[in-house]
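Visitor: Respectively, the protein sequence lines represent chains A and B.
The first sequence begins at 1 in full-length UniProt numbering and counts up by one.
The second sequence begins at 1 in full-length UniProt numbering and counts up by one.
One structure, as structure tokens, below. Some questions next.
2 protein chains.
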Amino acid sequence: MSPLTIAETAELVGLTPDTLRYYEKDGLLLRPVARSASGHRRYDAADVRWIELVTRLRATGLPIRDVRRYAELVRAGSGNEEERLELLRAHRSTVLARLAEVQEHLGAIDHKIGIYTEALERRSEGAA
Amino acid sequence: MSPLTIAETAELVGLTPDTLRYYEKDGLLLRPVARSASGHRRYDAADVRWIELVTRLRATGLPIRDVRRYAELVRAGSGNEEERLELLRAHRSTVLARLAEVQEHLGAIDHKIGIYTEALERRSEGAA
DNA sequence: GCTTGACCTGGAGCGCACTCGAAGGAGCAG
DNA sequence: CTGCTCCTTCGAGTGCGCTCCAGGTCAAGC
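Put into structure tokens, the structure is as follows:
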């Protein structure tokens with residue numbers, strides 16, 4: 001894969017160019033993205049893979065600061081794998097807890113939907 | 001259940017007194033909460049039940065403005081049940097889609113956790 | 001040579017959902 | 001009477017995560 005422009009990369013990962021620049025400035029990427037002769041960013045396959053991981057972490061609710069922390073650990077090189085693992089596992093637990101909570105609340109909402117549906121069906125039967 | 005103070009209600013539903021006042025001012029409740037002789041809010045069982053529904057909707061990600069819209073429909077009285085149902089069903093779909101997305105991303109993160117775990121196990125075996 | 005369009009930077013602005021602060025009142029213990 | 005706690009209102013402030021804007025550079029096409 002030849003290097004991509006910021007617009008192409010944004011399209012590919014489902015973010016906007018603004019967000020990609022913001023992530024880079026905020027330390028969420030492993031290193032500054034390479035530049036073309038004219039100073040435009042060029043994203044290679046490794047950049048894209050990392051950004052995809054970042055979007056997965058963000059999409060599951062990991063705060064920006066924690067993604068930055070994870071990026072710092074990876075940047076620091078090998079030797080801190082336990083710490084990275086701990087961060088990922090903690091996040092996993094948080095996500096599972098939130099999923100369970102949402103599912104529980106959704107169950108109650110479903111129940112309410114059932115009640116409304118029934119009531120409306122009875123009404124239309126009465127009208128028939 | 002005798003009427004509760006704002007602090008008791010907040011405790012019961014897992015919000016803060018500030019948030020309860022904010023919800024009321026913002027039109028998320030069905031009507032202004034009753035007051036004691038000294039002007040303090042007094043929440044009855046119906047208030048608490050409604051607030052619990054609001055927290056379920058919020059906890060599943062329904063925006064404040066949509067909760068307000070739902071409250072408006074309920075306030076308007078019977079005759080708009082289809083519209084309420086439509087709102088709830090639309091929310092249900094949104095939540096299900098988001099759950100699926102989060103689960104997919106979590107799967108990829110789990111995979112990464114597996115890889116790290118394996119690598120660390122191999123390393124500790126090598127060290128032994 | 002001029003225009004167009006994609007990109008650059010730094011910094012301001014925004015939407016959401018609270019959260020807090022200031023100033024004040026009522027009720028009760030000592 | 002004093003002090004304490006809990007409540008009141010109004011409006012400002014906060015944190016997060018973008019999102020947008022102004023002003024500028026550069027390469028390509030006409």
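Glycine included, each C-beta is placed from N, C-alpha and C at the ideal position.
As the structure is a computational prediction, the values presented were derived from the model and not from experiment.
Just to check my reading of the structure: B/D26 and B/I64 have Cβ atoms closer than 8 Å, yes? What is that Cβ distance to the nearest angstrom?
Guide: Translated into positions along the second sequence, residue 26 of chain B becomes position 26. Translated into positions along the second sequence, residue 64 of chain B becomes position 64. Indeed, because the Cβ distance is near 6 Å, the residues count as touching under 8 Å.
Visitor: Skipping 5 residues on each side, what residues in its chain have a beta carbon closer than 8 Å to that of A/R69?
Guide: Counting from 1 along the first sequence, the entry for residue 69 of chain A is found at position 69. Here the set comprises L87.
Visitor: Could you tell me which chain B residues have their CB closer than 8 Å to the CB of A/D110, listed as they occur along the chain?
Guide: As a first step, residue 110 of chain A must be located in the first sequence, where it is residue number 110. Neighbours of A/D110 on chain B, chain order: R92.
Visitor: Please name the residue or residues paired with A/Y43 in a DSSP beta bridge.
Guide: Reading the first sequence from its first residue, position 43 is the one you call residue 43 of chain A. In DSSP, A/Y43 forms a bridge with A/L4.
Visitor: Listing by chain order, which chain B residues have their CB less than 8 Å from the CB of A/Y116?
Guide: For this step, residue 116 of chain A is matched to residue 116 along the first sequence. Correct list: E81, R84, L85 and L88.
Visitor: Tell me, please, which residues DSSP counts as bridged to A/R35.
Guide: In the first sequence, residue 35 of chain A corresponds to position 35, counting from 1. Beta-bridge pairing links A/R35 to A/R41.
Visitor: For B/A76, does the three-state DSSP call read helix, strand or coil?
Guide: In the second sequence, the residue the question calls residue 76 of chain B occupies position 76. Note: B/A76 maps to coil in three-state DSSP.
Visitor: Since B/T16 is in the alpha helix (DSSP H), which residue starts that stretch and which ends it?
Guide: Looking up residue 16 of chain B in the second sequence gives position 16. First-last for B/T16: undefined, no H or E at that position.
Visitor: Quick check: the segment 103-112 of chain B against the segment 43-62 of chain A, are there 3 or more CB pairs under 8 Å?
Guide: Short answer: they touch.
Visitor: Among the residues of its own chain, which have a CB less than 8 Å from the CB of A/E72, if the five just before and after it don't count?
Guide: Counting from 1 along the first sequence, the entry for residue 72 of chain A is found at position 72. Same-chain partners within the cutoff: G27.
Visitor: Alpha carbon to alpha carbon, how far is B/H40 from B/V67?
Guide: The sequence position of residue 40 of chain B within the second sequence is 40, counting from 1. The sequence position of residue 67 of chain B within the second sequence is 67, counting from 1. Taking the straight line from one Cα to the other gives about 25 Å.
Visitor: When the Cα atoms are used, what is the spatial distance from B/E81 to A/H111?
Guide: As a working note, residue 81 of chain B is residue 81 in the second sequence. As a working note, residue 111 of chain A is residue 111 in the first sequence. Rounded to the nearest angstrom, the two C-alpha atoms are 15 Å apart.
Visitor: Is any beta-carbon of chain B found at less than 9 Å from that of A/A7?
Guide: Locating residue 7 of chain A in the first sequence gives position 7, counting from the first residue. Cβ-Cβ to chain B under 9 Å: no for A/A7.
Visitor: So, under 8 Å CB-CB, B/P3 and B/A10 are touching, yes? Tell me the CB distance rounded to an integer number of Å.
Guide: One-based indexing of the second sequence puts residue 3 of chain B at position 3. One-based indexing of the second sequence puts residue 10 of chain B at position 10. Contact doesn't hold; Cβ gap of about 14 Å is too wide.
Visitor: Taking the Cβ atom as the reference point for each residue, do B/V95 and A/V102 lie within a distance shorter than 9 Å?
Guide: The residue labelled residue 95 of chain B in the question sits at position 95 within the second sequence. The residue labelled residue 102 of chain A in the question sits at position 102 within the first sequence. It is a contact, given that the beta carbons lie within the stated cut-off.
Visitor: Where does A/T55 fall in DSSP's three states?
Guide: Along the first sequence, one-based indexing puts residue 55 of chain A at 55. It is helical.
Visitor: Starting from the beta carbon of A/I113, find every residue of chain B whose beta carbon is closer than 8 Å, and list them in chain order.
Guide: In the first sequence, residue 113 of chain A corresponds to position 113, counting from 1. Ordered by position in chain B, the residues that pass the 8 Å Cβ test against A/I113 are L85, L88, R89 and R92.
Visitor: Roughly how many angstroms separate the alpha carbons of A/A100 and B/S93, rounded to a whole number?
Guide: Locating residue 100 of chain A in the first sequence gives position 100, counting from the first residue. Locating residue 93 of chain B in the second sequence gives position 93, counting from the first residue. Roughly 17 Å separates the two Cα atoms.
Visitor: With a cut-off of 8 Å on the beta carbons, I'd call A/Y116 and B/L85 a contact; round off their distance for me.
Guide: As a working note, residue 116 of chain A is residue 116 in the first sequence. As a working note, residue 85 of chain B is residue 85 in the second sequence. So it is a contact: roughly 5 Å between Cβ atoms.
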